[in-house]
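Numbering (this note's numbering), first residue to last: 12 to 282. Note that CB positions come from ideal geometry on N, CA and C, so glycine has one too. So the structure is just underneath, and the comments pick up after that.
Shown next, in the form of structure tokens:
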């Protein structure tokens, strides 16, 4: 449910806090009487100014205790730190909460932040402030803006986290959905190839095995621009290339092969 900033979330048992406040207020009244008496005696010359200063200090200390007691009592009501959605009630009546333990979870999803792992090859075209198109697993699309690009790669995947901020009025889109990102990086010649045609060379580079005009096998490293259900768009190949799509893992660079060439249909590129 939606919740406003400052709205109460949980209320703790006041325990002895109310009694401590009442005691501090009673002490202030006592110190005020003592201060007034000391002031009268000083004016009549029966007390020194040092005694009046001591009475004033005692009164100030008592007032500080009242302020502290009021602050402690106010803390029994835990309030939403910002407007958002009350997502989860963690504690219930009768539960014991340790110091610093949460009683509920409030989330603010407007704007929503999408975190996408970007491959190394994308860093050259990624810039803070660039517009980005986001496709959610639900089929919905958003237009956001790049707000953060990590300067440290994930050690396991060698990707860089990119944070994109997009408007989400009414917190309509929930957190945790899978998403894909597209960022315009200029135009580049690309080829659409079957996903199964991709292979690795001995150095672990991803690419395709080509056949030269002399029917000799040659490995060509490529960069994947986009993956679809039917295949992948790659860049890094010459304008015209004969790509081995079957048996590419059973040949190596320099081998002479006998091939059967076919002209592939060219699908329409996605924006």
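{"Asked": "Same chain, Cβ closer than 8 angstroms to residue 96, five either side skipped, listed in chain order", "Found": "12, 13, 14, 117, 118, 119, 120 and 182"}
{"Asked": "Per DSSP, cross-strand counterpart(s) of residue 44", "Found": "Paired residue(s): none; residue 44 is not in a bridge."}
{"Asked": "Segment limits, beta strand (DSSP E) that includes residue 234", "Found": "234-238"}
{"Asked": "Cβ neighbour criterion (16 or more within 10 Å) applied to residue 290", "Found": "Examination of residue 290 is not possible in this model, given that the chain is present from 12 through 282 alone."}
{"Asked": "Reference residue 177; option with closest CA among 141, 22 and 162", "Found": "141"}
{"Asked": "Neighbour-count burial assignment, residue 57, 16 or more Cβ in a 10 Å radius", "Found": "exposed"}
{"Asked": "Terminal residues of the beta strand (DSSP E) in which residue 172 lies", "Found": "170-177"}
{"Asked": "Residue 165, DSSP secondary structure in three states", "Found": "coil"}
{"Asked": "Reduced DSSP secondary structure (H/G/I, E/B, other) of residue 201", "Found": "coil"}
{"Asked": "Whether residue 208 touches residue 246 by CB criterion (8 angstroms)", "Found": "no"}
{"Asked": "Close Cβ partners of residue 164 (< 6 angstroms) along its chain, the five nearest in sequence each way excluded", "Found": "171"}
{"Asked": "Pick from 255, 203 and 40 that is closest to residue 244, judged by C-alpha positions", "Found": "203"}
{"Asked": "Cβ neighbours of residue 147 in the same chain (closer than 6 angstroms, five flanking residues each side left out)", "Found": "188 and 190"}
{"Asked": "Unbroken beta strand (DSSP E) run spanning residue 98, endpoints", "Found": "95-100"}
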